[in-house]
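Everything below concerns the one structure shown next.
There are 2 protein chains.
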Amino acid sequence: MRGYAPASPDNKYPHRYLTMPTFKAPVRDINFVLNDVLNVGQLAEFERYADATPDIVEGVVDEAAKLIENQIAPLNQAGDTVGAQFKDGHVEMVDGFKEAFQAYAENGWMGLSADPEYGGQGLPFVLSKAVEDMLCAGNVAFALYPGLTQGCYEGLEANASDEIKATYLEKLANGEWAGTMCMTEPQAGSDVGAVKTKAEPQDDGSYLLNGGKIFISSGQHEMTPNIVHFVLARLPDSPPGVKGLTTFVVPRKLVNADGSVGDDNGVSCVSIEEKMGLHGSCTCTMQYDNARGWMVGKPNQGIQSMFVMMNKARIMVGMQGLGQCELATQTAIRYAQDRVQGKPLTGGDDVPIIAHPDVRRMLLTMKAITEGARVMAYETSLYEDISVASPDEAQREAASDWVELGTPLTKAFCTDAAVELGSLAIQVYGGHGYIKEHGVEQILRDSKILCLYEGTNGIQAMDLVRRKIKMKGGALPQRFFDKVEAELETYAGDAPEVADALRTALAALKDGTAWLQQQLKDDPDAAGAGAVPYQRAFALTWLGMNWLRMAAKAKVLPDDAFKQGKLATAKFFAAAILPEVGSLCSSIQRNASLTMDLPAEAFLAA
Amino acid sequence: MRGYAPASPDNKYPHRYLTMPTFKAPVRDINFVLNDVLNVGQLAEFERYADATPDIVEGVVDEAAKLIENQIAPLNQAGDTVGAQFKDGHVEMVDGFKEAFQAYAENGWMGLSADPEYGGQGLPFVLSKAVEDMLCAGNVAFALYPGLTQGCYEGLEANASDEIKATYLEKLANGEWAGTMCMTEPQAGSDVGAVKTKAEPQDDGSYLLNGGKIFISSGQHEMTPNIVHFVLARLPDSPPGVKGLTTFVVPRKLVNADGSVGDDNGVSCVSIEEKMGLHGSCTCTMQYDNARGWMVGKPNQGIQSMFVMMNKARIMVGMQGLGQCELATQTAIRYAQDRVQGKPLTGGDDVPIIAHPDVRRMLLTMKAITEGARVMAYETSLYEDISVASPDEAQREAASDWVELGTPLTKAFCTDAAVELGSLAIQVYGGHGYIKEHGVEQILRDSKILCLYEGTNGIQAMDLVRRKIKMKGGALPQRFFDKVEAELETYAGDAPEVADALRTALAALKDGTAWLQQQLKDDPDAAGAGAVPYQRAFALTWLGMNWLRMAAKAKVLPDDAFKQGKLATAKFFAAAILPEVGSLCSSIQRNASLTMDLPAEAFLAA
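Structure follows, in structure tokens:
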């Protein structure tokens with residue numbers, strides 16, 4: 083709906099100017115990133131991905147875009163205003179979610195990158211992430227249901243016995259059943275080692291689980307006849323902390339020998355949370371009362387099993403952030419193109435607000451962050467594919483290092499950006515942005531959780547600084563620096579302003595990295611204090627490389643609006659945003675030592 | 083409520099760790115800013131404020147703190163969850179709001195700085211702002227009802243005839259009646275000149291108003307027997323744009339000759355908005371059907387009348403932002419002191435999260451911004467007092483210049499900061515912060531409107547750049563630069579690290595100011611594109627001066643937690659935040675010219 087509502091007695095909102103966001107999947111940009119910038123066609127050279135030719139890739143993106151635009155995105159606002167509801171011990175979905183979930187499953191989207199042995203399509207992970215990017219832009223709350231199902235699939239595929247795989251994987255890959263990941267407990271949030279849920283071994287090789295979990299997304303619903311829970315628990319007499327955790331598969335309903343759905347298991351949802359946003363996704367408090375489970379992986383090795391799944395789940399959350407960035411950006415641009423208000427600073431008649439320089443500054447910032455982050459998220463996912471599909475061991479190892487590095491960066495940067503861009507989108511709307519009816523404030527509310535779950539963005543920064551830049555003698559950041567230098571070598575001539583800014587940023591990042599690596603030995607708290615600003619500096623430098631490559635690749639395109647957009651935004655990013663890297667890297671070196679000085683009780687003084 | 087909820091069948095949230103924010107007014111910091119940093123005792127030297135001695139000031143702050151802590155802040159969460167509701171053409175308040183409004187009015191808080199001739203207390207404006215700081219921290223949605231009443235009072239006091247003043251001012255000053263400010267229409271948001279509401283002159287000297295307004299805070303309620311609307315409208319045959327606006331007073335109910343409340347006037351509330359937050363404050367769509375009004379000020383001079391009121395309203399919104407910064411900061415600190423999670427990076431047992439360096443970085447950022455912004459907001463308000471009360475014309479003019487400069491800075495910086503700190507407070511809470519029950523996500527939702535109303539923060543930046551740094555040949559920023567240099571001269575020795583960082587920031591700000599002043603002549607769009615980052619740079623420099631003064635004044639205090647907090651936070655601000663000024667001022671010079679390049683239609687390209 084768009085335009086002035088008529089002033090009539092029947093109209094609840096006389097004189098109101100209304101525009102509702104209509105999501106259009108950014109198909110052209112996705113194809114540009116996949117093909118022109120990252121050349122995902124290279125994957126077709128590996129036997130595993132021989133089918134992933136450029137025409138197949140484009141076809142997949144087009145088809146997914148249609149389903150998401152036509153059936154899933156239109157449910158986004160009802161997901162927020164109605165929300166999942168808890169009634170009589172059951173979680174009720176918003177109308178249309180069940181049909182959308184089934185359509186998504188039946189068309190093979192859930193198992194796009196799952197193993198063909200278990201009914202998956204066997205296509206590259208990066209392609210499934212491109213689809214997820216669109217899905218999370220169209221309806222991020224909905225996206226959690228397939229997302230957690232994929233997460234559960236990945237956890238079982240990597241760790242479970244053949245028997246468990248045979249029982250569950252195909253049904254998860256084809257979306258016949260849904261899945262969850264159950265980690266958090268009240269005392270065990272960021273500190274997962276504090277998990278208390280108990281698993282008692284039984285004579286038949288199964289376990290009985292007792293305890294409770296909180297914040298379990300998709301924990302209960304009636305969209306599928308069964309739900310498969312991947313649960314972190316503790317065996318009797320296990321060592322304390324993370325070294326005493328074990329993972330289990332616990333179905334909502336027991337599975338009969340023939341694979342059909344049997345009796346209730348002792349898994350129940352006690353309540354769902356009232357949240358700031360993401361209302362379409364149920365966040366469940368779960369209770370296990372002698373719930374029967376089966377061990378996945380080895381005893382007391384649960385943290386390793388979780389990490390396989392969690393790393394992919396972190397990339398998934400990064401895609402959720404990226405999707406919300408896209409939604410914020412395109413929604414704000416359309417409003418600004420449409421809304422007439424005010425005269426140009428240089429004089430003349432009233433104009434659409436996109437003519438005002440401060441509005442343009444906001445929109446260019448949004449575009450620069452969204453499109454730049456898309457390359458980072460997709461590149462991390464592409465390396466995941468290379469790390470499993472390349473026949474060359476050195477290439478696999480290098481790719482795996484990139485995934486290790488890119489995972490916390492993608493998770494934290496894309497989600498922080500979603501909040502920032504959600505706030506900017508409201509700002510572009512002015513006072514109208516604060517009104518629920520316009521649908522834009524939902525973006526900020528939906529996005530804030532992304533900075534918190536699957537490890538807060540502070541936890542991501544600790545992972546980046548305390549593990550990733552330290553492991554293998556600093557090889558991971560060194561690979562990144564080498565790559566940036568190689569790309570500068572290749573493309574500097576195509577976009578000299580971007581290249582200059584990138585060189586400056588890279589020098590600052592190297593300096594900051596060396597300083598942090600030293601602090602990890604000398605003063606771990608100083609490294610901890612610098613971790614979040616450093617994480618942003620690292621991600622911005624990556625985006626700088628992305629804008630250099632995008633500018634170079636866009637330069638050879640035929641002249642059109644898409645090309646103009648890339649070239650202008652690259653320059654804007656280099657001038658307005660990338661220089662922040664220097665300021666961040668020098669500030670962490672100045673302030674880290676000051677962070678620990680003030681006694682805890684002196685923060686609030688009467 | 084604080085601590086683990088027991089796991090019982092009755093408990094909706096088993097195992098849940100709960101802490102609810104309990105607001106404590108920052109009385110010590112407020113007194114420190116008023117007395118030690120700003121020496122508001124100087125006002126007692128002026129005849130008008132002879133009563134405002136330090137003991138009176140402290141007494142006022144103490145008494146207001148009690149009322150707010152005990153009666154008003156406890157309504158904050160119900161204000162959000164229940165909210166003002168529109169039923170059968172009437173707006174229903176949340177339980178307790180009416181009694182709180184009456185208590186606030188009866189104790190004289192509404193008229194604290196109003197003219198004693200009209201029943202006010204005649205105390206300094208800055209003192210009323212200190213009370214407003216606490217009120218907006220305790221319950222910002224509630225604060226709008228007295229706030230708009232004061233705004234209406236100010237608009238009438240500055241512009242209305244003696245007859246109108248006699249009719250309305252005392253009842254507004256003592257809170258017997260409430261007031262509003264009615265400007266926005268659907269097509270007239272940032273562009274106030276597009277107002278269409280018509281006022282037809284009548285034979286008896288009154289006018290009949292017809293039209294509609296949107297986004298009218300406190301537009302209708304039953305807390306008072308009458309509501310006084312200060313309305314922007316257009317006379318027949320008035321010139322187009324802002325030069326054809328006239329202001330009117332339009333009571334909800336006509337006032338009888340004896341001052342009592344008479345018949346209904348044609349003013350009605352058609353609906354209230356469903357908003358992102360601030361639910362305790364009703365945001366009304368108003369309709370005037372032959373509503374009778376009386377002209378305030380002169381025909382077609384409405385924009386001048388509005389500006390008197392609007393400037394004070396902008397400072398009020400700045401106080402709302404400051405209050406929410408305070409609430410975010412103290413709420414996050416208490417949670418971090420209380421919540422045990424994770425081991426120190428340097429080893430050892432589980433600790434409260436305030437021991438973790440990244441949590442400390444967030445809390446120090448919050449503290450540095452909140453306490454630094456408090457001085458800026460109070461100093462602007464103090465200058466308002468000097469500008470009206472000083473017997474010395476030059477001093478009055480200088481003070482008035484400071485108010486002109488400080489108004490957009492206080493409004494924009496404090497409100498942007500409220501959103502930033504609201505988001506950080508959630509981040510400190512982790513996943514729990516996303517749950518409504520904890521009460522912390524409300525801060526972010528309540529705060530976002532502050533960046534939008536009374537002129538978006540982009541509009542504030544245009545005011546700063548296109549008017550304030552240009553008027554009087556640049557005298558306003560020059561006064562600021564001179565003041566910073568004088569304070570450096572006086573206090574540099576007390577806090578050399580802060581002084582060094584401030585000198586660097588000042589040099590960058592001067593440079594950015596000169597560049598913008600030049601662009602206003604050469605390239606207005608470039609100035610427009612740089613306005614928002616410049617606004618932040620300017621405010622941060624002001625905060626730098628504030629932290630220099632606070633560090634110096636704290637140094638001579640007896641050793642205690644308050645002093646430790648000031649000294650450590652000053653150093654943190656200087657090292658971690660103030661250097662951003664340089665980065666902002668250089669980025670605006672690099673990117674401004676790029677902002678206008680991309681054609682409007684190329685922002686989204688298929």
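Line by line, the protein sequences are chains A and B. In terms of my numbering, the first sequence is residues 83 to 688. In terms of my numbering, the second sequence is residues 83 to 688. Glycine included, C-beta positions come from ideal geometry on N, C-alpha and C.
Give the DSSP-derived three-state secondary structure of residue i in the structure shown.
{"i": "B:L676", "result": "helix"}
{"i": "B:H172", "result": "strand"}
{"i": "A:K280", "result": "strand"}
{"i": "B:T489", "result": "helix"}
{"i": "A:K552", "result": "coil"}
{"i": "A:A89", "result": "Only weak support is given to the placement of A:A89: the predicted model assigns it a pLDDT of 39, under 50, and the value that follows is read from those uncertain coordinates. Correct three-state label for A:A89: coil."}
{"i": "A:M192", "result": "coil"}
Taking the continuous alpha helix (DSSP H) assigned at residue i, which residues delimit it?
{"i": "A:V164", "result": "Where A:V164 is concerned, there is no enclosing alpha helix (DSSP H), given that its DSSP letter is neither H nor E."}
{"i": "B:S350", "result": "No alpha helix (DSSP H) contains B:S350, which is instead part of the beta strand (DSSP E) from 349–354."}
{"i": "B:W624", "result": "606–637"}
{"i": "B:V122", "result": "Note, B:V122: premise wrong, no alpha helix (DSSP H); not H, not E."}
{"i": "B:L226", "result": "222–241"}
{"i": "B:K645", "result": "643–654"}
Please identify the residue among the options whose C-alpha is closest to the C-alpha of residue i.
{"i": "B:V510", "options": "B:V313, B:V501, B:R478, B:I435", "result": "B:I435"}
{"i": "B:S299", "options": "B:G287, B:D273, B:T266, B:T306", "result": "B:T266"}
{"i": "A:C366", "options": "A:H438, A:H172, A:Q269, A:V457", "result": "A:H172"}
{"i": "A:P268", "options": "B:N372, B:H514, B:P606", "result": "B:H514"}
{"i": "B:L157", "options": "B:M388, B:M368, B:E199, B:T104", "result": "B:T104"}
{"i": "B:D474", "options": "B:I531, B:L125, B:E579", "result": "B:L125"}
{"i": "B:R561", "options": "B:G237, B:I385, B:S463, B:Q477", "result": "B:Q477"}
{"i": "A:K60", "options": "A:Q159, A:A471, A:E174, A:W191", "result": "Coverage of chain A is limited to positions 83 through 688, which leaves residue 60 of chain A absent and any answer about it impossible."}
{"i": "A:L506", "options": "A:E408, A:A196, A:W376", "result": "A:E408"}
{"i": "A:K169", "options": "A:F128, A:E355, A:G257, A:V139", "result": "A:E355"}
{"i": "A:F389", "options": "A:Y516, A:V485, A:N189", "result": "A:V485"}
{"i": "A:L526", "options": "B:M358, B:G594, B:F207, B:E453", "result": "B:M358"}
{"i": "B:T462", "options": "B:K635, B:A418, B:R396", "result": "B:R396"}
For residue i, decide whether its Cβ has a neighbour in chain B, counting only Cβ atoms nearer than 8 Å.
{"i": "A:Q419", "result": "yes"}
{"i": "A:P490", "result": "no"}
{"i": "A:T428", "result": "yes"}
{"i": "A:C218", "result": "no"}
{"i": "A:F620", "result": "no"}
{"i": "A:S90", "result": "Confidence at A:S90 is low in this model, with a pLDDT of 40, below 50, so the placement of that residue is unreliable and no value is reported for it."}
Does residue i have its Cβ less than 8 Å from a Cβ in chain A?
{"i": "B:A499", "result": "no"}
{"i": "B:D319", "result": "no"}
{"i": "B:S387", "result": "no"}
{"i": "B:F114", "result": "no"}
{"i": "B:V614", "result": "yes"}
{"i": "B:D440", "result": "yes"}
I'd like the span of the beta strand (DSSP E) that includes residue i, first residue to last.
{"i": "B:I309", "result": "309–315"}
{"i": "B:P206", "result": "Unbroken run through B:P206: none, as it is neither H nor E."}
{"i": "A:C366", "result": "365–378"}
When we look at the beta-carbon of residue i and count the other beta-carbons within 10 Å, is it buried (16 or more) or exposed?
{"i": "B:K295", "result": "buried"}
{"i": "A:E252", "result": "buried"}
{"i": "B:L680", "result": "buried"}
{"i": "A:S668", "result": "buried"}
{"i": "B:K603", "result": "exposed"}
{"i": "A:M632", "result": "buried"}
{"i": "B:R443", "result": "buried"}
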